[in-house]
Amino acid sequence: MEALLSQFTFLSDQALHDKNFDPAKIEDLMKLFELEVYKSWAAMELEHENAIEEAKNSMREAEDYLNSIMDSAMDDFRRFEEELESRSKAELQSLVKVAETAKKMGNSMEKAATIASKKYMEAAVHSATVSMKSARKGLSLNPSKYRSCSKSSYPSKMVLWVFGYGSLIWKAGFRHDDRLVGSTDHRGTPEYPGRTVTLEPLDGEVCWGVAYKVSEEEDEQIALAGLTMPREHEDDVDPMYLEVREKQYDVKAYVDFFTEPTAITPAVSGVMVYIASPDRKLNRNYLGPASLEEMAKQIIHAEGPSGPNRDYLFHLENALLQLGCEDKHIKDLANAVRRILSERKLTASRPSEQ
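Okay, here's the thing in structure tokens:
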């Protein structure tokens, strides 16, 4: 381009001084000039297009990089969301299970509370001032034979409260030890030990039973004296003595007693209860856990001075039902005993009204 400009300057001077100058030379130069200008413009256009393409490529790379970052971030977010959702679902399912369990427990406790409080629980706080004759023959679960004691009506003097479970629920006056698991003297023999219920401490668990109030000092002494009497005279004088009846390595404890499942404040505090030790070194009659079938067969064979072990089981099942407390384990065990007795064509002993 600079060479063309120099040649154009030279021809212009020549045209001014030479009268014979041919104008065609300038025209030819102008064509060359136009061609060079076009080439320069084309080169600039190409360079511009290349710059644009490079810019586009840079933009695409930037977009791809940004997209990859966004995709990675979204993947991380989705994983976090899935983990959070999984944890939330697990927590929600756990809460649902807790709610369902609480609802079932509430329904069960409400049912038990409704039946028991109306029929037996409040009325079960029994005064031992009834004749010892009636106590010996067994306390009926008829509510009319109980005296309901509200908290405000408790006497101000010291009284003895005794919590009874197992056979004490239906027969508070029965002198024999048929509460301890594996008792060998009343519901079984050393050869065929019977199974009766025992109470062991366990946090969070509830034991349903009956609280008896003994307000007279003489009655307390009789209940705790530990005297014995020959069986031929047991219908004449009542030998219902807790220290004899609950003698098999029991420990006396004093606990709170509630008449309502949802109550926070106990109806009575300091209720005496006997707790047996599961330590076989201390409690020779403790048989320990066993399968339902094994316990049923053992109960069928066991029989002692107080009668067949199966009678104890059927009485306990019936007494709990009358209290409004259906115990699944007791029910299943009783049904297993009945089934085995039926298979052996034996007549199962049924609980009679005491």
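Under this note's numbering, the first residue of the sequence shown carries the number 3, and numbering increases by one thereafter.
Think of the CB as a built atom: it goes at the ideal place given N, C-alpha and C, for glycine as much as any other residue.
For residue i, three-class secondary structure by DSSP
i: F260; result: coil
i: V208; result: coil
i: K254; result: strand
i: E305; result: strand
i: K58; result: helix
i: S14; result: helix
i: A213; result: strand
i: V199; result: coil
i: A278; result: strand
i: S74; result: helix
i: S344; result: helix
i: S8; result: helix
i: E245; result: A caution first: E245 carries a pLDDT of 47, below 50, which makes its placement in the model unreliable, though a value can still be read off. If DSSP states are grouped into helix, strand and coil, E245 belongs with the helices.
i: D24; result: coil
i: S293; result: coil
Beta-carbon proximity check, residue i vs residue j, cutoff 8 Å
i: I28; j: L13; result: yes
i: T198; j: Y314; result: yes
i: L328; j: L322; result: A small fix is needed here, since residue 328 is Glu in this sequence, not Leu. The answer is yes: Cβ separation under 8 Å.
i: L318; j: W210; result: no
i: A213; j: V273; result: yes
Residue i classed as buried or exposed, judged by whether at least 16 other C-beta atoms fall within 10 angstroms
i: T261; result: buried
i: H331; result: exposed
i: R312; result: buried
i: Y276; result: buried
i: H50; result: exposed
i: K159; result: The predicted model places K159 with a pLDDT of 45, which falls under 50 and marks its position as unreliable; any figure quoted below should be read in that light. Exposed, since its Cβ has fewer than 16 Cβ neighbours within 10 Å.
i: S344; result: exposed
i: M46; result: exposed
i: P310; result: buried
i: V216; result: buried
Requested in this report: Would you check if there are 3 or more beta carbon pairs closer than 8 Å linking the segment 327-343 to the segment 298-314?
Outcome: yes
Query raised in the report: Between the segment 263-273 and the segment 301-317, are three or more C-beta pairs nearer than 8 Å?
Result: no
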